[in-house]
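For the record, in the sequence shown the residue sitting at position 43 is 23 according to this note's numbering, with numbers rising by one throughout. Beta carbons: idealized from backbone N, C-alpha and C, even for Gly. Note that the coordinates shown come from a computational prediction; the quantities given were computed from them, not determined experimentally.
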Amino acid sequence: MPLYIRDPAVDSLLDQYLAATGQTNKTEAVRRALADQLKALAAKGSLAERVAKVQRQAAEAGFLHSGGSDPAADKKFMDDMWGEG
């Protein structure tokens, strides 16, 4: 199935990609760019996985969630931060 690029801006980006990579075949360049992007997205992981990783790192560094907060203490803290305390 042929791929036709009708958008001059996309064609320009492809030309820039070809120049930067030294490739000469546009079809191969598109295939490689898309494959590389899919690989990067797969390696990135889901949002849930990334959040879990940050939570693990925070716990290892000693930042543990207490399981709840004190609304009065939170209000005092926010008031102090805004110079209203």
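If you drop the 5 nearest sequence neighbours on each side, which residues of the same chain put their C-beta closer than 8 Å to that of residue i?
i, result
"Tyr(-3)", "Gln3, Ala9, Ala13"
List the endpoints of the continuous alpha helix (DSSP H) containing residue i.
i, result
"Gln(-4)", "-12 to 1"
"Leu4", "Note on residue identity: the sequence assigns Thr, not Leu, to residue 4. From DSSP, Thr4 is part of no alpha helix (DSSP H); its letter is neither H nor E."
"Leu44", "From DSSP, Leu44 is part of no alpha helix (DSSP H); its letter is neither H nor E."
"Met58", "51 to 61"
Which same chain residues, not among the five before or five after residue i, have their C-beta less than 7 Å away from its C-beta?
i, result
"Ala32", "none"
Throw me the rounded Cβ distance for the residue i and residue j pair, which I believe falls under 8 Å.
i, j, result
"Leu18", "Lys6", "Not confirmed; about 19 Å, so no contact."
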